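Each step along the sequence shown adds one to the number in the working numbering, with nothing skipped, and position 100 is 106.
Input: a single structure, listed below in structure tokens.
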Amino acid sequence: MNAYLHALKNYFNFSGRAGRREYWTFVLVNLLLGYVILFADRQTAIGDVPAALFLLLILIPTLAVSVRRLHDSDLSGWWVLLAAIPLVGPLVLIYFKCRAGNKMANRFGICPQC
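Below you can see the structure in the form of structure tokens.
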């Protein structure tokens, strides 16, 4: 849970590095929260307003932690734009985010796990 809170504390921080644990914990918790909110929306007559608000609230931290995760592999944050390429782009990004980061300091900072 500390990894999720660390990602939220760095809401607008697009510099530095994020380890695999921080990134994937953030993604998993957001998926679970999203499904809970969608389930609650379907059980009530509120509509999709809470789900839309949740998505808007996590948009910037999701981009920030994604950029920091790419920085961990010594890649520019601009690689996030690959997500705009249908099918191939997201698969390449998943590959980049799954592989281990550099154990040494790189141009984006020191190793977050070290």
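Even for Gly, the Cβ is constructed at its ideal location relative to N, Cα and C.
None of the values given here were measured: they were computed from a predicted structure.
State the start and end residues of the unbroken alpha helix (DSSP H) segment that holds residue i.
| i | result |
| --- | --- |
| R26 | 26-49 |
| S79 | Careful: S79 lies outside any alpha helix (DSSP H) and carries neither H nor E. |
| I10 | Per the sequence shown, residue 10 should be read as Tyr rather than Ile. Looking at the DSSP string, the run of the alpha helix (DSSP H) that includes Y10 is 8-15. |
| L97 | 94-104 |
From the DSSP output, which residues share a beta bridge with residue i?
| i | result |
| --- | --- |
| N112 | G115 |
Less than 6 Å between C-beta atoms, sequence neighbours within five positions excluded: which residues of the same chain meet that for residue i?
| i | result |
| --- | --- |
| R74 | G22, R23, A24 |
| G107 | D78, S79 |
| I64 | N36 |
| Y10 | T31, F32, V35 |
| L87 | none |
Is it buried or exposed, residue i, if we count other Cβ atoms within 10 angstroms and call 16 or more buried?
| i | result |
| --- | --- |
| S72 | buried |
| T50 | exposed |
| K103 | buried |
| L39 | exposed |
| F32 | buried |
| N8 | exposed |
| I91 | exposed |
| Y41 | exposed |
| L76 | buried |
| A58 | exposed |
| V55 | exposed |
Can you find the residues in the same chain that come closer than 8 Å, C-beta to C-beta, to residue i, ignoring five residues on each side of it along the sequence?
| i | result |
| --- | --- |
| A89 | G95, P96, L99 |
| S82 | L76 |
Compare the C-beta of residue i with all C-beta atoms of chain D and state if any pair is closer than 8 Å.
| i | result |
| --- | --- |
| L81 | Among the chains in the structure shown there is no chain D, since it carries only a single protein chain. |
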